[in-house]
Amino acid sequence: MKTKLEIAKNWLPRYTGTKIDEFGDYLLVTNFNNYVTKFAEKFNCDIKGEGKPMQTATNSSGLSIVNFGIGSANAATIMDLLIARKPKGVLFLGKCGGLKKNTELGHFILPTAAIRGEGTSNDYMPPEVPALPSFKLHKFVSEKILAKHMEYRTGVVYTTNRRLWEFDDDFKAYLRRIRAIGIDMETATVLVVGYSNQIARGALLLVSDLPMVPDGVKTEESDFAVTSKFVDLHLEIGIDAMTELGTKGEKIKHFTFE
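Position 63 (the sequence shown) corresponds to 63 in this note's numbering; numbering is contiguous.
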């Protein structure tokens with residue numbers, strides 16, 4: 001195997017337990033296994049990849065969901081391996097910490113961009129290249145949110161490799177200076193690696209904690225409460241958006257400048 005595509009075609013089934021032609025044209029990617037479980041229960045479809053690094057499910061309409069795990073390295077891996085399928089659109093359903101005082105638990109964030117604090121994306125594009133979603137994909141997702149009479153926030157999120165930082169006052173002061181609306185560990189990587197691989201991509205983030213204040217740091221109890229109240233809606237919006245994108249959304253084109 002000499003080319004990236006050859007490797008991806010061999011590795012995608014190995015990582016997911018799913019044949020390439022079993023993936024749909026449109027995909028949801030997430031880092032929570034319960035999203036895959038809920039998806040499979042909703043559509044009465046099988047979960048594949050149990051015991052593998054990543055689990056998947058695909059419904060009869062040709063929409064797939066993949067749990068790639070936690071962190072930017074895993075996010076880069078799935079966005080690389082998906083070149084074997086050449087998807088028409090990928091939406092990341094992730095959770096993030098809200099950094100603004102007016103950001104509340106359960107709010108949705110449709111990021112306009114992500115700050116590349118994780119470092120992983122530097123292996124794909126120079127640091128000055130911004131991490132941006134595909135505008136037309138996000139435009140369609142926003143319409144699905146409004147159709148459910150829900151509000152959402154836009155802004156720049158910060159992506160970091162640090163999972164445990166809530167104690168670090170200097171880092172929190174930095175986050176205030178850059179005025180990021182949220183913080184997570186995958187969004188910038190999904191956007192940059194998707195861009196590098198010419199995959200239409202986006203992210204819909206659910207605010208799951210408020211880590212800038214001690215009472216807002218995520219705990220097992222608080223995470224369970226957020227999951228119980230908001231995850232079903234989060235997944236539903238993603239399903240609606242990516243199901244209808246192929247038939248009702250504006251066509252997404254890639255332009256390459258040499």
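Backbone N, C-alpha and C define an ideal beta-carbon position, used for all residues, glycine too.
Mapping the DSSP letters down to three states, classify Asn67 as helix, strand or coil. The answer is strand: DSSP assigns Asn67 an E or B state.
Exposure of Met79, with buried meaning 16 or more beta-carbon neighbours within 10 Å: Met79 should be labelled buried.
Check whether the region 99-111 touches the region 175-183, taking contact to mean three or more Cβ pairs, one atom from each stretch, closer than 8 Å. Contact between the region 99-111 and the region 175-183 is present: three or more C-beta pairs spanning the two stretches fall below 8 Å.
For Ile115 and Asp184, I'd like the C-alpha separation in whole angstroms. Straight-line measurement puts the Cα of Asp184 at about 10 Å from the Cα of Ile115.
For Ala225 and Asp209, I'd like the C-alpha separation in whole angstroms. Computed Cα separation, rounded: 11 Å.
Three or more C-beta pairs closer than 8 Å, one from the region 160-169 and one from the region 126-143: is that the case here? At 8 Å Cβ cutoff, the stretches do not touch.
How about Ile65 and Leu110: are their beta carbons less than 8 Å apart? Result no, Cβ atoms of Ile65 and Leu110 do not sit closer than 8 Å.
Taking the alpha helix (DSSP H) that Lys38 falls in, what are its first and last residues? Here the alpha helix (DSSP H) through Lys38 covers Asn33 to Phe43.
Bridge-paired residues (DSSP) for Phe108: Bridge partners of Phe108 according to DSSP: Tyr152 and Leu206.
I'd like to know whether the C-beta atoms of Ala131 and Ser121 end up nearer to each other than 8 Å. Result yes, Cβ atoms of Ala131 and Ser121 sit closer than 8 Å.
What separation, rounded to the nearest whole angstrom, lies between the Cα atoms of Glu258 and Val192? In this prediction, Glu258 has a pLDDT of 45, which is less than 50 and means its spatial position is unreliable; what the coordinates show is noted afterwards. Glu258 and Val192 have their C-alpha atoms spaced approximately 18 Å apart.
Please give me, in chain order, every unbroken run of the beta strand (DSSP E) with length at least 3 that falls completely inside the region 161-237. The qualifying runs are 182-184 and 201-209.
Over the uninterrupted alpha helix (DSSP H) stretch that includes Val141, give me the two end residues. Boundaries of the alpha helix (DSSP H) around Val141: Phe135 to Ala147.
Since Val90 contacts Val36 with CB under 8 Å, what's their CB separation in whole angstroms? Incorrect: roughly 15 Å between the Cβ atoms, too far for contact.
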